[in-house]
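Just so you know, we're using my numbering here: the sequence shown kicks off at 191 and counts up by one. Notes for the one structure printed next.
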Amino acid sequence: MNDSSVISERAWRGASLGILLVAAILRFFWLDLKPLHHDESVNGFFLARLLHEGIYQYDPANYHGPTLYYFALPFASLLGLNTFALRLVTVLSGLGCVWLILQLRRRIGEVGALAAAALVAVSPGAVYLSRYLIHEALFLFFTLGIVVAAERFSNRWRQRDLLLASLCAALLFATKETAFISAGVLILATVLAWSLTGFVRQRTQAQAKFAVEKNDKRRRQSAKPARFTMSEEAPWLLARCGGWSRLLPLLGAALGVFIFVNILFYSSFFQHGKGVTDALETFKVWARTGTSDFHRKPLDTYLWWLLQEEAPLLALGVLGAVLAVIRANNRFALFVALWAFGLLAAYSLVPYKTPWLMLNFIVPLAIIGGYGVDVLYRKKIALKRAALALTGVAVAIGTYQTIALNFFHYDDDRYPYVYAHTRREFLELVRDINRIAERVGTKTETSIAVASPDYWPLPWYLRDYKRVGYHGRVGTHNEAMVIGSSTQGNELKAALGDRYRQISSRTLRPGVELVLYVRRDL
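Dropping the structure here:
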């Protein structure tokens with residue numbers, strides 16, 4: 191840890207506010223521009239049911255944890271069920287991650303914290319996934335919450351910090367079943383960082399003792415051994431916690447918080463007891479999913495995606511990790527390096543790969559990259575300039591890529607983060623339906639049959655229509671409108687005959703074309 195300050199408190203506050211402002215603008219601006227992904231619309235469906243009926247029941251076979259819906263509920267209650275309200279919880283989670291990174295200034299330095307926060311503020315992936323109603327942004331916020339709370343506990347030894355870390359851990363497990371991967375890597379990184387720094391310091395002490403023995407026997411006799419390894423530091427740590435008489439009740443309370451919060455959410459606030467037992471089954475389901483052919487991709491997929499979309503951040507992350515290992519004098523920096531690359535390795539080993547999982551290691555990569563910048567900044571003037579230049583270039587490239595991805599190419603599947611996303615022209619189909627319903631005068635009472643087997647997020651956009659049937663196949667239809675797939679062309683012609691006319695054909699997502707038919711008598 192480096193306590194020395196290299197910038198004034200006023201400069202720190204101004205820079206922090208500036209970074210948070212940029213992060214907020216990139217996440218809030220034109221939030222409803224991008225049509226909902228089908229996963230977002232499914233999450234919106236569960237949220238709508240929770241809002242209108244007060245019902246949510248966890249299903250381990252198909253969906254992630256319940257926290258997303260309960261944390262999104264207040265915004266939907268206040269602002270209504272619209273795209274902006276849906277995505278508000280993830281936007282705030284993403285903004286919260288930037289704020290949490292700034293809380294690490296004591297561990298990675300003020301310049302390091304500012305650099306890391308700036309990298310995340312403009313990261314293409316961090317921004318894109320914050321503007322997305324899926325679990326990842328909330329998941330990462332709770333992960334960072336564990337790290338920040340645990341860091342504060344290790345520094346101040348306040349009971350509330352340990353309880354806060356336990357609360358964040360509970361919310362992490364109540365958000366997504368992949369929590370066991372993050373938790374495992376965090377624990378392993380902590381043990382390895384502690385052991386490695388202890389080994390290096392022990393070797394340094396041995397060298398110092400040798401010099402003392404050679405030059406001054408009296409100083410050798412008075413020298414006191416330092417605490418370096420976990421086993422050697424355990425008594426000291428125990429004393430800092432107040433001994434077993436205080437530590438055991440505190441650990442019991444932390445465990446109680448973890449269990450209670452998970453039961454609270456998985457039982458739908460004690461309304462669905464089966465959700466608690468189902469929560470234990472979810473790990474079996476995920477084990478099957480993670481090793482299935484669904485979303486199976488090569489081992490190096492995440493590395494190539496990072497090089498394509500987050501290359502400056504990755505480069506700084508590698509620099510910071512190398513410096514953390516070489517210097518081995520900052521236990522927290524070494525922990526973050528192991529956390530970042532440990533998660534990258536862990537997720538790379540799992541056959542199931544999706545771009546939103548990258549958010550889990552993008553942020554620790556930014557943090558360790560910030561540490562590297564801080565180390566350089568504290569050196570000679572030439573290295574200080576190099577640190578500022580590297581950060582400036584990385585932030586500039588990230589900003590350009592973020593604007594291009596989030597405001598121009600948000601549905602272009604040539605970009606890794608755009609993964610089976612709904613095309614913008616799908617909204618033209620929705621407008622066609624609304625226009626026809628308005629013209630014939632039946633409005634939300636208009637009857638609509640959806641024959642296409644692929645139709646999400648259509649149920650979200652047609653949620654106000656009261657007479658919509660999602661059949662998933664061609665049948666006998668007499669509804670005012672019929673929506674089918676282009677692959678059902680012959681079936682639709684045979685079933686609809688001359689009674690219907692084709693109005694439009696729109697791309698739902700890559701490989702899926704939806705065709706709108708309207709009854710001729712309308």
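Beta carbons are placed, not taken as given, at the ideal position from N, Cα and C, and that holds for glycine.
Cα-Cα separation between residue 202 and residue 286, rounded to whole angstroms: C-alpha separation (whole angstroms): 18 Å.
Sort out for me which residues DSSP pairs residue 706 with in a bridge. According to DSSP, which records beta bridges pairwise, residue 706 is partnered with 673 and 694.
Since residue 637 sits in a beta bridge, which residues does DSSP pair it with? DSSP, once it has assigned bridges, lists 657 as partnering residue 637.
Measure from the alpha carbon of residue 500 to the alpha carbon of each residue in 444, 464 and 606, then state which is nearest. Distances from the alpha-carbon of residue 500 to those of 444, 464 and 606 put 606 closest.
8 Å Cβ shell around residue 319 - same chain, five flanking residues per side excluded: For residue 319, where only same-chain residues beyond five positions count, the Cβ hits under 8 Å are 280, 284, 326, 327, 546, 549 and 607.
Spell out a yes or no on whether the stretch 592-603 and the stretch 302-317 are touching, meaning 3 or more CB-CB pairs, one atom from each, closer than 8 Å. The stretch 592-603 is in contact with the stretch 302-317.
Tell me the DSSP bridge mates of residue 542? According to DSSP, residue 542 bridges with 486.
Going along the chain, which residues of its own chain have a beta-carbon closer than 7 Å to the beta-carbon of residue 529, five neighbours each way excluded? Excluding positions up to five away in sequence, the list reads 375, 376, 379 and 554.
What do you get for residue 570, buried or exposed, if any count of 16 or more other CB atoms within 10 angstroms of its CB means buried? The residue is exposed, with fewer than 16 neighbouring Cβ atoms inside 10 Å.
Where the alpha helix (DSSP H) through residue 351 begins and ends: For residue 351, the enclosing alpha helix (DSSP H) has its first and last residue at 349-363.
With a cut-off of 8 Å on the beta carbons, I'd call residue 385 and residue 333 a contact; round off their distance for me. The beta carbons of residue 385 and residue 333 sit about 22 Å from each other, so the pair does not count as a contact at 8 Å.
Apart from the five residues on each side of it in sequence, which residues of its chain come closer than 8 Å, Cβ to Cβ, to residue 338? Excluding sequence positions up to five before and after residue 338, its CB lies within less than 8 Å of the CB of 290, 293 and 294, all in the same chain and listed in chain order.
Just checking: is the beta-carbon of residue 295 within a distance shorter than 9 Å of some beta-carbon in chain D? Given the protein chain composition of this structure (a single chain), no chain D is represented.
Can you give me the Cβ contacts of residue 661 inside the same chain, cut-off strictly under 7 Å, excluding the 5 residues immediately before and after it? Cβ neighbours of residue 661 beyond the five flanking positions: 639, 640 and 641.
Simplified DSSP assignment, three categories, for residue 412: Since pLDDT at residue 412 reaches only 43, below the 50 mark, its modelled position is unreliable, and no value is offered.
Indicate whether residue 472 and residue 227 have their beta-carbon atoms separated by less than 9 Å. The answer is no: Cβ separation not under 9 Å.
Please report how far the alpha carbon of residue 533 lies from the alpha carbon of residue 709, in whole angstroms. Their backbone Cα atoms lie some 54 Å apart in a straight line.
When burial is assigned at 16 or more other CB atoms within 10 Å of the CB, is residue 596 buried or exposed? Residue 596 counts as buried, since at least 16 other C-beta atoms from the protein chains shown sit within 10 angstroms of its C-beta.
My understanding is that residue 669 touches residue 637, with C-beta atoms under 8 Å, so please give their C-beta distance in whole angstroms. Rounded to the nearest angstrom, the Cβ distance from residue 669 to residue 637 is 4 Å, consistent with a contact under 8 Å.
In DSSP terms, what residue 699 is bridged to: 702, per the DSSP bridge assignment.
Can you tell me which of 647, 563, 509 and 702 puts its alpha carbon nearest to the alpha carbon of residue 674? Checked all of 647, 563, 509 and 702; the closest Cα to residue 674 is 702.
Does the distance from the C-beta atom of residue 462 to that of residue 609 stay below 9 Å? It is not a contact, given that the beta carbons lie outside the stated cut-off.
DSSP-derived helix/strand/coil call for residue 417: Bear in mind that the predicted position of residue 417 carries a pLDDT of just 46, short of 50, making it unreliable; the figure below should be weighed with that in mind. In the structure shown, residue 417 falls within a coil segment according to DSSP collapsed to helix, strand and coil.
Residue 459 versus residue 507 - alpha carbon distance: The straight-line gap from Cα to Cα measures roughly 41 Å.
Buried or exposed, going by whether 16 or more other CB atoms sit within 10 Å of the CB of residue 408? Annotation note: pLDDT 49 at residue 408 (below 50); position unreliable, coordinate value reported separately. In the assembly as shown, residue 408 is an exposed residue. Its beta-carbon has fewer than 16 other beta-carbons within 10 Å.
In angstroms, rounded to a whole number, what distance separates the CA positions of residue 417 and residue 344? Residue confidence for residue 417 is low, a pLDDT of 46 falling below 50, so the modelled location carries little weight and cannot support an answer.
Which of the three DSSP states, helix, strand or coil, is assigned to residue 242? Residue 242: helix per DSSP, three-state reduction.
Output the boundary residues of the alpha helix (DSSP H) element that contains residue 555. In the DSSP annotation of this structure, the continuous segment of the alpha helix (DSSP H) that includes residue 555 starts and ends at 549-567.
Given a threshold of 16 other Cβ atoms within 10 Å of its Cβ, counted over all protein chains shown, does residue 711 qualify as buried or as exposed? Here residue 711 is exposed: its Cβ has fewer than 16 other Cβ atoms, across all protein chains shown, within 10 Å.
Taking the CB atoms as reference points, tell me whether residue 266 and residue 564 lie closer together than 9 Å. No, the Cβ-Cβ distance between residue 266 and residue 564 is not below 9 Å.
Please list, in chain order, all residues of the same chain as residue 234 whose beta carbon is under 6 Å from its beta carbon, the five residues on each side excluded. Non-local beta-carbon contacts of residue 234 in its own chain, meaning distances under 6 Å to residues more than five positions away in sequence, involve 276 and 650 in chain order.
Please state if the CB of residue 682 and the CB of residue 644 are separated by a distance shorter than 9 Å. In this structure, residue 682 does not lie closer than 9 Å to residue 644 by Cβ.
Check whether the stretch 296-303 and the stretch 483-498 are in contact - that is, three or more C-beta pairs closer than 8 Å. Contact between the stretch 296-303 and the stretch 483-498 is not established, with fewer than three Cβ pairs separated by less than 8 Å.
Give me, in chain order, the residues of the same chain whose beta-carbon lies closer than 7 Å to that of residue 684; leave out the 5 immediate sequence neighbours on both sides. Around residue 684: no qualifying Cβ.
According to DSSP, simplified to helix, strand and coil, what is residue 208? Correct three-state label for residue 208: helix.
How many angstroms separate the CA atom of residue 238 from the CA atom of residue 199? If you take the alpha carbons of residue 238 and residue 199, they lie about 45 Å apart.
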